[in-house]
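So the structure is just underneath, and the comments pick up after that.
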Amino acid sequence: MSQKFDVVVIGAGPGGYVAAIRAAQLGLKTACIEKYQGKEGKTALGGTCLNVGCIPSKALLDSSYKFHEAHESFKVHGISTGEVAMDVPAMVARKDQIVKNLTGGVAGLMKANGVTVFEGHGKLLSGKQVEVTGLDGNTQVLGADHVILASGSKPVDIPPAPVDQNIIVDSTGALDFQTVPAKLGVIGAGVIGLELGSVWARLGAEVTVLEAMDKFLPAADEQISKEAFKILSKQGLKILLGARVTGSEVKGDQVTVNFTNAEGEQQQTFDKLIVAVGRRPVTTDLLAADAGVDMDERGFIFVDDYCATSVPGVYAIGDVVRGAMLAHKASEEGVMVAERIAGHKSQMNYDLVPSVIYTHPEIAWVGKTEQALKGEGVEINVGTFPFAASGRAMAANDTAGLVKVIADAKTDRVLGVHVMGPAAAELVQQGAIGMEFGTSAEDLGMMVFSHPTMSEALHEAALAVNGHAIHIANRKKR
Ligand code: FAD
Ligand code: AMP
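Given below as structure tokens:
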């Protein structure tokens, strides 16, 4: 054994690098192993999130939204421009530069905190030993008192649409188109499909989203998902529900996709096709046969509420374990595990992990939906406020959507905050902070909100729960 550590982390995504930094802060001798090679052929830390996920997708969403605004809404503000053009390679290069800055920043943070980074593939052996196969193929074995598995996830492949990263791409390929496809197909109306579909639709692609399920965004509150379907469809995203892709054929520069829907067999031809049908845990060559770590029936590493695996001293966090595949969930699990290793009693509130879809308007929520609460037989009061009645939203010419606050009818405790609209992610976070401290709708209503802000819509929705909204007629009078 060449070196011995208190903690060895496999994977440097938002789960792994955060866990490693927190462990090192707590005085533990920590190593982190990462195998990913970025675009420049060098090891890049930050995982899916920084390299090919959250950040690059948001960079393209922001660029494409600015183009869309210049094209479609500047004139509302009285601004006229010459012809507005999009330089797609420049947009993609800007995204690459952001990725480079952030992944380099993580490397700097690791160094500043004294985390030893190993470049290569990590594999857990028995007895909490970890084998590292370097980029040159040489192996070494690290000893560890504690091991954190943070190997993340990768896109699901489906046999009817095999990815070639040219005509048929996954989410990674869809971040690197060098031209706007005239006709773009997207399989899957989940978060990734809607975000990437929006990027290219804003730049002029005719986008068709094929979704096997009959229901749109089933995890969201039904009132919000119905509103979202209307607004996104009006923006030009053609979302076909109940459309199951059964096959595809690439011919020259195009792909013909076969799918079935209520009307029977259908066919459409696209210039590019994005396969966005979900992600699966990465466990390839991660565990030696005698490592002793149990998996669940879906291939995730089995863990308890504190991310402990079946092997004492071995933990797993992030996309490779149960729960939402979200960067902030991975990071908080990383912090919890590092602190528990250091002897703290840290825990995580899985009920308050917010979800965000970065379309425009954004869709975000925290806590429970109206349909889930009704299903559980909980009596609730609901308050809503449309952005169409918000002065700030009108000033910004950004009035689509609403805020919805759901509270327990008996205690007034807020159980869910659901938003489609401008700054939805930020508003939902305010709701999450309140909910973490057990806020009631009345508490939120009594707080002073700056005027004029988008946040006032949250204030008014909270007031509306008990019929006290000022800037909209209350459904319920008190
Ligand atoms: P990962 O980020 O996948 O990192 C795992 C790392 O481990 C990788 O770098 C991998 O190379 C490395 N690794 C794996 N096996 C080994 C091994 N054996 N040895 C060494 N290294 C190994 N989430 C959000 O919260 N917000 C968003 O807006 C958002 N947008 C997204 C957009 C897209 C297009 C995609 C694809 C994902 C998005 N996500 C978003 C999800 C988010 O990226 C993931 O939930 C998050 O990255 C999971 O973190 P992780 O640390 O568990 O795994
Ligand atoms: P998510 O897991 O949120 O990224 O969403 C992926 C979406 O892809 C889900 O809504 C699935 O129903 C959808 N999906 C999976 N397979 C197919 C398929 N063959 N055709 C169309 N949609 C699919």
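Anchor point for the sequence shown: position 152 equals 244 in the working numbering, and the numbering is continuous, going up by one each time. Cβ atoms here follow ideal geometry from the backbone N, Cα and C, with glycine treated the same way.
Pick from the options that is closest to residue i, judged by C-alpha positions
i              : options                           : result
glycine 415    : Ala383, Thr231, Arg294 and Met440 : Met440
tyrosine 442   : Thr476, His452 and Asp396         : Asp396
glycine 459    : Val506, Gly339, Glu126 and Gly493 : Val506
threonine 531  : Gly513, Phe541, Thr503 and Gly289 : Thr503
alanine 419    : Ala151, Gly108, Phe97 and Ser94   : Gly108
serine 156     : Thr264, Glu454 and Gly296         : Gly296
glutamate 175  : Phe159, Asp188 and Val168         : Phe159
valine 110     : Ser482, Ile562 and Gly410         : Gly410
lysine 246     : Val374, Phe308 and Glu314         : Val374
aspartate 98   : Gly212, Ile147 and Lys220         : Lys220
methionine 546 : Phe529, Met512, Asp535 and Ile525 : Met512
alanine 253    : Val509, Val347 and Gln463         : Val347
glutamate 223  : Val278, Gln270, Asp363 and Ala383 : Ala383
methionine 538 : Ala554, Ala524 and Lys187         : Ala554
valine 100     : Phe210, Asp228, Val180 and His436 : Phe210
glutamine 463  : Gly229, Glu314, Ala115 and Ile250 : Glu314
lysine 96      : Asn193, Thr208, Lys167 and Ala199 : Thr208
arginine 484   : Phe477, His543 and Val509         : His543
leucine 550    : Ala481, Thr300 and Ala487         : Ala481
Presumed contact (8 Å Cβ cut-off) between residue i and residue j, rounded CB distance
i                 : j              : result
leucine 465       : valine 495     : 17 Å between Cβ atoms; not a contact.
alanine 242       : isoleucine 102 : 6 Å
isoleucine 316    : leucine 324    : That pair is no contact at about 12 Å.
valine 184        : aspartate 268  : 6 Å
alanine 422       : glycine 105    : 6 Å
valine 239        : leucine 216    : 6 Å
valine 474        : aspartate 500  : No, valine 474 and aspartate 500 are not in contact; Cβ-Cβ is about 11 Å, not under 8 Å.
phenylalanine 394 : serine 402     : 6 Å
isoleucine 455    : alanine 516    : 6 Å
valine 342        : threonine 271  : That belief does not hold up - the Cβ atoms of valine 342 and threonine 271 are roughly 17 Å apart, past 8 Å.
valine 427        : valine 406     : Between valine 406 and valine 427 the Cβ distance is about 18 Å, and since that is not below 8 Å, they are no contact.
alanine 400       : arginine 114   : With a Cβ gap of about 17 Å, alanine 400 and arginine 114 do not count as contacting.
leucine 234       : alanine 123    : 6 Å
threonine 476     : alanine 312    : Their Cβ separation, rounded to whole angstroms, is 14 Å, which puts threonine 476 and alanine 312 out of contact at 8 Å.
Same chain only: Cβ atoms within 8 Å of residue i, ignoring 5 sequence neighbours per side
i              : result
asparagine 566 : Ala556, Gly559 and His560
asparagine 143 : Tyr128, Gly130, Ala136, Val191 and Thr195
glycine 145    : Gly139, Ser263 and Ala419
aspartate 490  : Pro453, Phe479, Gly513 and Pro514
tryptophan 457 : Ala312, Asp313, Ile316, Pro446, Ser447, Gly508, Val509, His510, Val511 and Val520
serine 165     : Asn489
Range covered by the beta strand (DSSP E) that runs through residue i
i             : result
lysine 437    : Where lysine 437 is concerned, there is no enclosing beta strand (DSSP E), given that its DSSP letter is neither H nor E.
cysteine 141  : Cysteine 141 -> not in any beta strand (DSSP E); alpha helix (DSSP H) instead, spanning 139–144.
alanine 408   : 406–408
serine 245    : 245–247
leucine 302   : 298–303
glutamine 360 : 356–362
Own chain, CB closer than 6 Å to residue i, minus 5 neighbours either side, in chain order
i              : result
glycine 334    : Asp306, Asn353 and Ala354
glycine 328    : Ala293
serine 94      : Gln232
glycine 280    : Ala368 and Val369
isoleucine 366 : Val261, Ala266, Val278 and Leu288
glycine 493    : Pro453, Phe479, Met512 and Gly513
glycine 214    : Ile102, Ile125, Val222 and Val224
methionine 178 : Phe159 and Leu295
isoleucine 250 : Val369
glutamine 360  : Val349
Cut-off 7 Å between Cβ atoms - residues of its own chain near residue i, not counting five sequence neighbours on either side
i             : result
valine 248    : Val369, Gly370, Arg371 and Arg372
glutamine 117 : Asn205
glutamate 287 : Ser149, Leu153, Ile449, Tyr450 and Thr451
lysine 364    : Ile259, Val261, Phe269, Pro273 and Leu276
glycine 351   : In the sequence on display, residue 351 carries phenylalanine and not glycine. So the list reads Leu302, Ala335, Arg336, Val337, Thr338 and Gln358, once near-sequence residues are dropped.
aspartate 188 : Lys131
glutamine 592 : Since the displayed the chain opens at 93 and closes at 570, residue 592 lies outside it and no answer follows.
leucine 227   : Glu211 and Gly212
cysteine 571  : Any answer about residue 571 is impossible in this case: the structure gives the chain only from 93 up to 570.
Unbroken alpha helix (DSSP H) run spanning residue i, endpoints
i              : result
glutamate 314  : 314–326
histidine 213  : Premise fails: histidine 213 lies in the beta strand (DSSP E), 208–216, not in any alpha helix (DSSP H).
glutamate 548  : 547–557
histidine 510  : Histidine 510 -> not in any alpha helix (DSSP H); beta strand (DSSP E) instead, spanning 506–513.
asparagine 350 : Note, asparagine 350: premise wrong, no alpha helix (DSSP H); beta strand (DSSP E) at 346–353.
lysine 187     : 180–204
valine 403     : It is not in any alpha helix (DSSP H) - valine 403 carries neither H nor E in the DSSP assignment.
serine 172     : No alpha helix (DSSP H) holds serine 172; DSSP gives it neither H nor E.
leucine 494    : Leucine 494 -> not in any alpha helix (DSSP H); beta strand (DSSP E) instead, spanning 494–500.
leucine 332    : Looking at the DSSP string, leucine 332 is not in any alpha helix (DSSP H); the run it does join, the beta strand (DSSP E), is 330–333.
lysine 466     : 462–467
arginine 294   : 283–294
aspartate 256  : Counting along the chain, aspartate 256 falls outside any alpha helix (DSSP H), and DSSP gives it neither H nor E.
valine 110     : 108–117
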